[in-house]
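Numbering (full-length UniProt numbering) for the sequence shown: 1 to 199. Structure record follows, encoded as structure tokens.
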Amino acid sequence: MHSGILRLREVNLSKINTNRPYSIIDASSGEQSVVIGFLGIASQIKDNSLICIDEPEICLHPEWQEKYIKLLLDTFKHYKGCHFLIATHSPQIISNLDTNNCFVLSMDTGKITNADSLINNSIDFQLANVFKSPGFKNEYLSRIALSVFTKVSSKKQFDNKDTENYTVLISQENFLDREDPVYTLLLAIKKLHKLYARN
Numbered sequence: 001m002h003s004g005i006l007r008l009r010e011v012n013l014s015k016i017n018t019n020r021p022y023s024i025i026d027a028s029s030g031e032q033s034v035v036i037g038f039l040g041i042a043s044q045i046k047d048n049s050l051i052c053i054d055e056p057e058i059c060l061h062p063e064w065q066e067k068y069i070k071l072l073l074d075t076f077k078h079y080k081g082c083h084f085l086i087a088t089h090s091p092q093i094i095s096n097l098d099t100n101n102c103f104v105l106s107m108d109t110g111k112i113t114n115a116d117s118l119i120n121n122s123i124d125f126q127l128a129n130v131f132k133s134p135g136f137k138n139e140y141l142s143r144i145a146l147s148v149f150t151k152v153s154s155k156k157q158f159d160n161k162d163t164e165n166y167t168v169l170i171s172q173e174n175f176l177d178r179e180d181p182v183y184t185l186l187l188a189i190k191k192l193h194k195l196y197a198r199n
């Protein structure tokens, strides 16, 4: 790495619980990405900093994406009053946010959501509810669609939970592929809703 003032020829790392150093050149692309990113932050951060991070998940294995937020907060926990603004498309990062003072801002709607309602949910939940990109045969939507269809077909009515789930499904209608079985099931549920929903 050459900054014009200093030339960095080699960086050696050592993993926790080992005393054996190894060159960053021998690290995985994910390890290199995290180390270089954190070195960049460390070179500038001070108390009350606003740190902007763009798509840290690039080059990261899903397991590393899950650990990223904890590693970030642990690394810079000695600084006070800092804010990290992270642009991400990673369900794993969203699902593993810290519950203290973490929020998700939708760039499409401008809505701010407390991380409490999003963490520790499945990737399919995140894809549907956070990214509005459920994909094909989304398991989270399939599960609630089957639940609504089965219950309402049997009981001939929508209870509060069915209505709540129906609202979730309807909010995803425009994002579902027309060939998706979830979309087909949603059309059937809409017919049931016309018949049995309370006015």
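Yeah, the Cβ is synthetic: ideal placement off N, Cα and C, and Gly gets one too. Nothing here was measured: the structure is a model prediction, and the numbers come from that model.
Item, Value
"Where S117 falls, given that 16 or more other Cβ within 10 Å makes a residue buried", "exposed"
"Buried versus exposed call for N129 [16 or more other C-beta atoms within 10 Å across all chains shown]", "buried"
"Contact belief for S90 with E57 at Cβ below 8 Å, rounded distance in angstroms", "4 Å"
"Sequence-distant residues of its chain with Cβ nearer than 8 Å to L97 (five each side left out)", "I69, V104, A115, L118, I119"
"Contact under 8 Å by Cβ, G135 with L127", "yes"
"Distance, S106 Cα to I112 Cα", "7 Å"
"Reduced DSSP secondary structure (H/G/I, E/B, other) of Y166", "helix"
"Touching by the beta-carbon criterion (3+ pairs, under 8 Å), the stretch 69 to 87 and the stretch 47 to 57", "yes"
"Span separating the alpha-carbon of K151 from that of D124", "22 Å"
"Beta bridge counterpart(s) of V104 as assigned by DSSP", "T113"
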